[in-house]
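Sequence positions in the sequence shown follow the numbering used here and run 1 to 426. Heads up, the beta-carbon is just placed ideally off N, CA and C, and yes, glycines get one too.
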Amino acid sequence: MVQAVVGANWGDEGKGKITDMLAEKADIIVRFQGGANAGHTIVNDYGKFALHTLPSGVFYDHTTSIIGNGVALNIPILFKEIKSITDQGVPAPKILVSDRAQIVMPYHILFDQYEEERLGGKSFGSTKSGIAPFYSDKYAKIGFQVSELFDEELLKEKIERVLVTKNIILENLYKKPAIDAGELFETMMEYKKMVEPYVCDVSAFLWDAIKEGKNILLEGQLGSLKDPDHGIYPMVTSSSTLAAYGAIGAGIPPYEIKKIVTVVKAYSSAVGAGAFVSEIFGDEADELRRRGGDGGEYGATTGRPRRMGWFDCVATKYGCRIQGTTDVAFTVLDVLGYLDEIPVCVGYEIDGEVTTDFPTTYRLEKAKPVLKTLPGWKCDIRGIKKYEDLPENCRKYIEFVEKEIGFPITMVSNGPKRSDIIYRNA
Ligand code: GDP
């Protein structure tokens, strides 16, 4: 059976923890989109890890971890990550990399930095990992697939061809030094050595695995609102964050995705620019940021403080719908235990009218939150294993959110560890 684990919000919902937890019963975990621009934080018996490229299941010895064709593959980062986990005592993971995955080229990272510099204050808040230039080149059909590393003559010729335009832009638009084709070719040969042991036809591998009845997890990055089509364009990421794209980015039939576990965080956080209707500021935000997640709400890749907000029913209802949610995993609920009262955003007021439908970006910019306040539960809920044992106000909060978003909350996460989970039949 194939299940997807995806986010309903702006990312950082705790997908890593949920994937890591579900991976216990999985045979294969696939990353199907995105690159090393976002990260997952995972806490387990080996320690605490920030993964950017490897799927969250690498900590089990029974799973195969796959980098699908939809991923923006930064080869040196992948290898640094493999080393960092084996250095901390985790057994060497079984890893496969799609021969159709495309490579983040060194110049993609440069172009990302130079473009942010050029845009100055009007930048999109890129993490400068080369992701936007990478996907632009992929769709402009001048990207490099992993398979292309294995034909040196063709590779040399293509590098020279692609560098003609890259160097014109580097020298004229950004006033930076041109790239040498020979040096780039040598770098690619190093990449080839690093990736060679792992390369395979992933879609064929998965086809066989599905036929054999294997359990497969598709692990998404970021969340619905960062999807280039359905999110808050243009403040989005460059590849689809939706479960539907899992079929494409892994290379499997769409009808095989039977379960879509959408991860929803009990409050809101976001990174980068863009409208964020339920955002809070000042001391109120600082306190939630400091208490949030596991050790504060700071970017796993960048260390940037995240923007904070109350739970947003409008954005989450939409985020769950667009994912095709079958199950909601409601995470980081334990963090809210300090609040006397918990505001929740239940509607958007736009031009004097209240709506619960998530609007397109230009209307979203005008939206003001309509808040409803629920009573807090004022205690630590970590360690609780049964839904009935949660404080009444905590259950009311969950049930209120469930009703507003219209999708069943079947898992409640009350701590960062694998075992901090309460299953529930909604
Ligand atoms: P992802 O990108 O969606 O995987 O999310 P991140 O890893 O960026 O952020 C989630 C953070 O919250 C991590 O630090 C997790 O360890 C932590 N986390 C996940 N679930 C819970 C939870 O239920 N409670 C608490 N306190 N922390 C959690």
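Separation of residue j from residue i, as counted between CA atoms
{"i": "E402", "j": "E388", "result": "16 Å"}
{"i": "K94", "j": "F59", "result": "10 Å"}
{"i": "T127", "j": "N37", "result": "6 Å"}
{"i": "E279", "j": "M235", "result": "16 Å"}
{"i": "G57", "j": "S84", "result": "15 Å"}
{"i": "G11", "j": "P177", "result": "36 Å"}
{"i": "C345", "j": "E183", "result": "53 Å"}
{"i": "L154", "j": "E148", "result": "8 Å"}
{"i": "K175", "j": "Y135", "result": "23 Å"}
{"i": "L374", "j": "A50", "result": "34 Å"}
{"i": "K214", "j": "L339", "result": "43 Å"}
{"i": "I398", "j": "P391", "result": "11 Å"}
{"i": "N172", "j": "R118", "result": "13 Å"}
{"i": "Y423", "j": "C379", "result": "20 Å"}
{"i": "W377", "j": "E116", "result": "44 Å"}
{"i": "K258", "j": "I384", "result": "29 Å"}
{"i": "K368", "j": "A244", "result": "31 Å"}
{"i": "D283", "j": "K226", "result": "27 Å"}
{"i": "M189", "j": "Y107", "result": "16 Å"}
{"i": "E205", "j": "L336", "result": "Before going on, a small fix: residue 205 reads as Phe here, not Glu. C-alpha separation (whole angstroms): 43 Å."}
{"i": "G34", "j": "W207", "result": "22 Å"}
{"i": "A140", "j": "K366", "result": "34 Å"}
Residues near residue i in its chain [Cβ-Cβ closer than 7 Å; skip 5 each side]
{"i": "D420", "result": "R382, S413, N414"}
{"i": "V162", "result": "I142"}
{"i": "R304", "result": "V271, Y298"}
{"i": "D312", "result": "S268, V277, S278, C345"}
{"i": "M21", "result": "R418, I421"}
{"i": "G105", "result": "Checking the sequence, you will find Met at residue 105 rather than Gly. The residues are F144."}
{"i": "I248", "result": "G70"}
{"i": "K138", "result": "Q102"}
{"i": "Y233", "result": "T361"}
Classification of residue i by the beta-carbon crowding that lies within 10 angstroms, buried from 16 upward
{"i": "Q323", "result": "buried"}
{"i": "V354", "result": "exposed"}
{"i": "Y114", "result": "buried"}
{"i": "F358", "result": "buried"}
{"i": "R418", "result": "buried"}
{"i": "I168", "result": "exposed"}
{"i": "K317", "result": "buried"}
{"i": "R31", "result": "buried"}
{"i": "A92", "result": "exposed"}
{"i": "K15", "result": "buried"}
{"i": "L371", "result": "exposed"}
{"i": "T86", "result": "exposed"}
{"i": "G120", "result": "exposed"}
{"i": "H230", "result": "buried"}
Cβ-based neighbour list, residue i, same chain, cut-off 6 Å, excluding 5 preceding and 5 following
{"i": "G47", "result": "Q88"}
{"i": "D327", "result": "V261, T410"}
{"i": "M308", "result": "S269, I280, A285, L288, R289"}
{"i": "R306", "result": "S269, V271, E297"}
{"i": "P343", "result": "W310, L371, T373"}
{"i": "E256", "result": "V2, I210"}
{"i": "T325", "result": "I260, T262, F407"}
DSSP three-state assignment for residue i, whether helix, strand or coil
{"i": "Q323", "result": "helix"}
{"i": "N172", "result": "helix"}
{"i": "I248", "result": "helix"}
{"i": "L154", "result": "helix"}
{"i": "H62", "result": "coil"}
{"i": "V236", "result": "coil"}
{"i": "M105", "result": "coil"}
{"i": "F311", "result": "strand"}
{"i": "Y298", "result": "strand"}
{"i": "P359", "result": "coil"}
{"i": "G182", "result": "helix"}
{"i": "M194", "result": "helix"}
{"i": "P133", "result": "helix"}
{"i": "Q113", "result": "helix"}
{"i": "D1", "result": "At residue 1 the sequence reads Met, which differs from the Asp that was named. The answer is coil: DSSP assigns M1 none of H, G, I, E or B."}
{"i": "L163", "result": "helix"}
Residue i vs residue j beta-carbon contact at 9 Å
{"i": "C320", "j": "G406", "result": "yes"}
{"i": "A8", "j": "S269", "result": "no"}
{"i": "P253", "j": "S240", "result": "no"}
{"i": "L364", "j": "V277", "result": "yes"}
{"i": "G251", "j": "R100", "result": "yes"}
{"i": "V43", "j": "D294", "result": "yes"}
{"i": "E404", "j": "T331", "result": "no"}
{"i": "I179", "j": "K158", "result": "no"}
{"i": "V314", "j": "G347", "result": "yes"}
Cβ-based neighbour list, residue i, same chain, cut-off 8 Å, excluding 5 preceding and 5 following
{"i": "V97", "result": "I66, I67, L73, L78, V146, V195, Y198, V199, C200, V202"}
{"i": "Y191", "result": "I75, P76, I103, L149"}
{"i": "V90", "result": "Y46, V58, F59"}
{"i": "V19", "result": "The question names Val, yet the displayed sequence has Thr at residue 19. Answer for T19: V5, I29, H40, P55, S56, G57, L217, E219, listed in chain order."}
Cβ-heavy atom distance, residue i to the ligand MN, below 8 Å
{"i": "P55", "result": "What this structure holds is the ligand GDP, not the ligand MN."}
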